[in-house]
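**Student:** Residue numbers (the working numbering): 2 to 121.
What follows is a structure written as structure tokens; I'll ask about it next.
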């Protein structure tokens, strides 16, 4: 269960989304019309997920260049491993792909949601 600090940090992160996160949010937010609800900057345990679809137990992370560094990559692996113990699948998207290949990114996310919901 996230603590009060996690909720406060998540609220701050919602106000400070990166341009690729804000762009992706405009589209996944609209999917509510399709019956899919995504939350942005959603706390789960000690972590804050960029986007989370509870119905599919799917986390979507938009990674900038900082995630290419070995220390951040190691943190990302630990985080993904912890989330998998909660049956949450994490998909990682490069910020440049969100910027340059949005249609492909959206198709990839929808396919992941469908796969996860089929398994449920």
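Note that the Cβ used here is the ideal one computed from N, Cα and C, for glycine as well.
1. Give every residue of the same chain whose Cβ lies closer than 7 Å to the Cβ of residue 22, excluding the five residues on either side of it in the sequence, and list them in chain order.
2. For residue 41, count neighbouring C-beta atoms within 10 Å of its own C-beta (all shown protein chains included) and say buried if the count is 16 or more, exposed if not.
3. At which residues does the beta strand (DSSP E) containing residue 44 begin and terminate?
4. Determine, using beta carbons only, whether residue 60 and residue 118 come nearer to each other than 8 Å.
5. Are the beta-carbon atoms of residue 91 and residue 98 separated by less than 8 Å?
6. Identify, in the order they occur along the chain, each residue of the same chain with its Cβ nearer than 6 Å to the Cβ of residue 89, setting aside the five sequence neighbours on each side.
7. Note down, one range per segment and in chain order, each alpha helix (DSSP H) of at least 4 residues found wholly within the segment 53 to 105.
8. Mapping DSSP to helix, strand and coil, what is residue 37?
**Tutor:** Considering the structure as presented:
1. As a working note, residue 22 is residue 21 in the chain shown. Taking C-beta separations shorter than 7 Å and ignoring five residues to either side along the sequence, the partners of residue 22 in its chain run 51, 63, following chain order.
2. Taking the chain shown and counting its residues from 1, one reaches residue 41 at position 40. By the neighbour-count rule (16 or more Cβ atoms within 10 Å), residue 41 is buried.
3. Counting from one through the chain shown, the residue named residue 44 turns up at place 43. Here the beta strand (DSSP E) through residue 44 covers 40 to 45.
4. Taking the first residue of the chain shown as 1, we reach residue 60 at position 59. Taking the first residue of the chain shown as 1, we reach residue 118 at position 117. No. Outside cutoff.
5. Start at 1 with the first residue of the chain shown, and residue 91 comes out as number 90. Start at 1 with the first residue of the chain shown, and residue 98 comes out as number 97. Taking the C-beta atoms as reference points, residue 98 is found no nearer than 8 Å to residue 91.
6. As a first step, residue 89 is located in the chain shown; it is residue number 88 there, counting from the start. The beta carbon of residue 89 is closer than 6 Å to those of 58, 60 in its chain, skipping five residues each way along the sequence.
7. With a minimum length of 4 residues, the continuous alpha helix (DSSP H) runs that stay inside the segment 53 to 105 are 71 to 86, 96 to 101.
8. Here residue 37 is taken as the residue at index 36 of the chain shown, counted from 1. Residue 37 falls in the coil class under three-state DSSP.
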